[in-house]
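Participant:
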Amino acid sequence: MAKSDKILTPEYLDWHAKLTGLPSILTDKIWFSLYKNYKKETGHKPWQLSKVHESEVINSPENKVS
Numbered sequence: 040m041a042k043s044d045k046i047l048t049p050e051y052l053d054w055h056a057k058l059t060g061l062p063s064i065l066t067d068k069i070w071f072s073l074y075k076n077y078k079k080e081t082g083h084k085p086w087q088l089s090k091v092h093e094s095e096v097i098n099s100p101e102n103k104v105s
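Taken in order, the sequence shown gives residues 40 to 105; the numbers are from this note's numbering.
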């Protein structure tokens with residue numbers, strides 16, 4: 040993933056601020072929908088790393104001890 044992919048846009052931050060201000064029953068439904076769609080598309084739970092990504096994280100230069 041390129042470094043520029045990790046930058047949060049103002050639009051996203053505005054959207055997130057609006058989302059966090061919603062009643063919890065609405066946010067629960069939204070999060071559940073996002074969770075189901077993510078798991079359906081990737082086959083992984085959101086907090087699980089795929090095997091490819093996991094090896095990239097382990098072998099990345101930032102994680103090497105000098």
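C-beta: ideal position from N, C-alpha, C; glycine also.
If you measure between the beta carbons of L137 and I46, is that distance less than 8 Å?
Facilitator: What is shown of the chain runs 40 to 105, which leaves residue 137 out entirely.
Participant: Given this structure, state the Cα-to-Cα distance separating S63 from F71, to the nearest angstrom.
Facilitator: Their backbone Cα atoms lie some 12 Å apart in a straight line.
Participant: Between K50 and D67, what straight-line distance do the alpha-carbon atoms span, to the nearest angstrom?
Facilitator: It is Glu, not Lys, that sits at residue 50 in the sequence shown. One C-alpha to the other measures close to 22 Å.
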